[in-house]
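Everything on this sheet refers to the single structure shown next.
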Amino acid sequence: MPKRVRTGLTRSDILDRYVERFKQQLVKFQPFLSRKRGSSSLDDFDEAAEELISQVFGAASDESEAYFFAKTGESVLLPEEAQESGTHDVERASLQQRRQVLESCLADLELRRRLQATRKGKGEEQTLVEEYMSHDVRSIHKDASIKQAGQLLQKHKIGSLIVDDGSRYIGIITESDLTRRAVAKGLDPNSTSIAACMSRSLVTIEEDESLADARLLMKKHGIRHLPVTADASIIGVLSVSDLLRAFEAQKSP
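Taking our numbering, the leading residue of the sequence shown gets 357, the next gets one more, and so forth.
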């Protein structure tokens, strides 16, 4: 068994390095978005980006899969006009999807860093979910297609939709669900229903609970979007991005 070598780096040091590497990766990506000739090819960039994501989040992670499908232009989240207007638009939309995945990875790491910095503080314990949740609840019927779900996510620039059966909420579908359960399995986005890909376990939190409770609930269930309730009725959604925004605000003087 190989010896474990101590590097002298704390967990905070490692997170700082990962954050900086993703920031550098996004800077290197700008020439491709602006159609300028960079110092490396897009293939070389993709290889480096996928290696970084795999190293930080894991080769089988949602982030790795999301980047792969963005790279190949197979994401169900690509706008309909891009899918139907030709190769050029698909390539452009694919570049934007790559950027979104990298930005999501960076936001996740920055959130982890802030959580670690405030873990012993009181801000997280005292701040309520209702202060940072989104009050705009977007839903979709279980019989709608996953293509329609992808279009709604793009249109409203959100990461999840609450699923209903016409009378009540029965689940949730996220960008990750579309990637892992639909695109990865080669399902037809036009004929596959939401019901085939959604998460039926609807984990919720009350609006007057703390952000600390919300964070622990997300971690426990491995989710990034948490429907918020008031007396058992869904009134909003709290996402990992909302948590990051809260910790940014707490950090400010």
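For each residue, glycine too, the CB sits at the ideal point set by N, CA and C. Here the structure is a predicted model, which is why all the values come from computation and not from measurement.
- A direct Cα-Cα distance of roughly 10 Å separates Thr535 from Ala426.
- According to DSSP, His497 shares a beta bridge with Asp520.
- Comparing alpha carbon positions, the residue from Ala568, Ser532 and Ser490 closest to His512 is Ser490.
- Nearest to Asp499 by alpha-carbon distance, out of Asp521, Arg470 and Leu509, is Asp521.
- The segment 444-453 makes no contact with the segment 550-557, as fewer than three CB pairs between them are under 8 Å.
- Around Asp372, the same chain offers Arg469 as residues with beta carbons nearer than 8 Å, after the five sequence neighbours per side are excluded.
- For Tyr488, DSSP assigns no beta-bridge partner whatsoever.
- Boundaries of the alpha helix (DSSP H) harbouring Ala405: Leu398 to Phe413, taken from the DSSP string.
- DSSP, reduced to helix, strand and coil, places Pro545 outside both helices and strands of the structure shown, so it counts as coil.
- Nearest to Glu466 by alpha-carbon distance, out of Lys379, Ser450 and Gln411, is Lys379.
- As for any beta strand (DSSP E) of minimum length 3 sitting wholly inside the segment 544-589, the runs are 581-586, ordered along the chain.
- In this structure, Ile579 sits away from Val593, with a CB-CB distance that is not shorter than 9 Å.
- Between Leu600 and Ala463, the C-beta gap is smaller than 9 Å, which places the two residues in contact.
- Assigned with DSSP and collapsed to three states, Ser417 falls in coil, not helix or strand.
- Under the 10 Å beta carbon count, Gln411 is surrounded by fewer than 16 other beta carbons and is classified as exposed.
- By the Cβ neighbour-count rule, Ala405 is buried, with 16 or more other Cβ atoms within 10 Å of its own.
- Here Ser597 carries a helix assignment [DSSP, helix/strand/coil].
- Scanning Gly527, Arg494 and Ser523 for the CA closest to the CA of Arg556 turns up Gly527.
- Relative to Ser532, the option among Lys576, Leu509 and Ser396 whose CA is nearest is Leu509.
- The distance from the Cβ of Ile561 to that of Val485 is about 6 Å, consistent with a contact at the 8 Å cut-off.
- Annotated as proximal: Ala602 and Leu567, with beta-carbon spacing under 9 Å.
- Taking C-alpha positions only, Lys503 is separated from Asp400 by approximately 31 Å.
- Minimum Cα-Cα distance from Glu565 among the listed residues Gln482, Ser595, Asp402 and Gln507 corresponds to Gln482.
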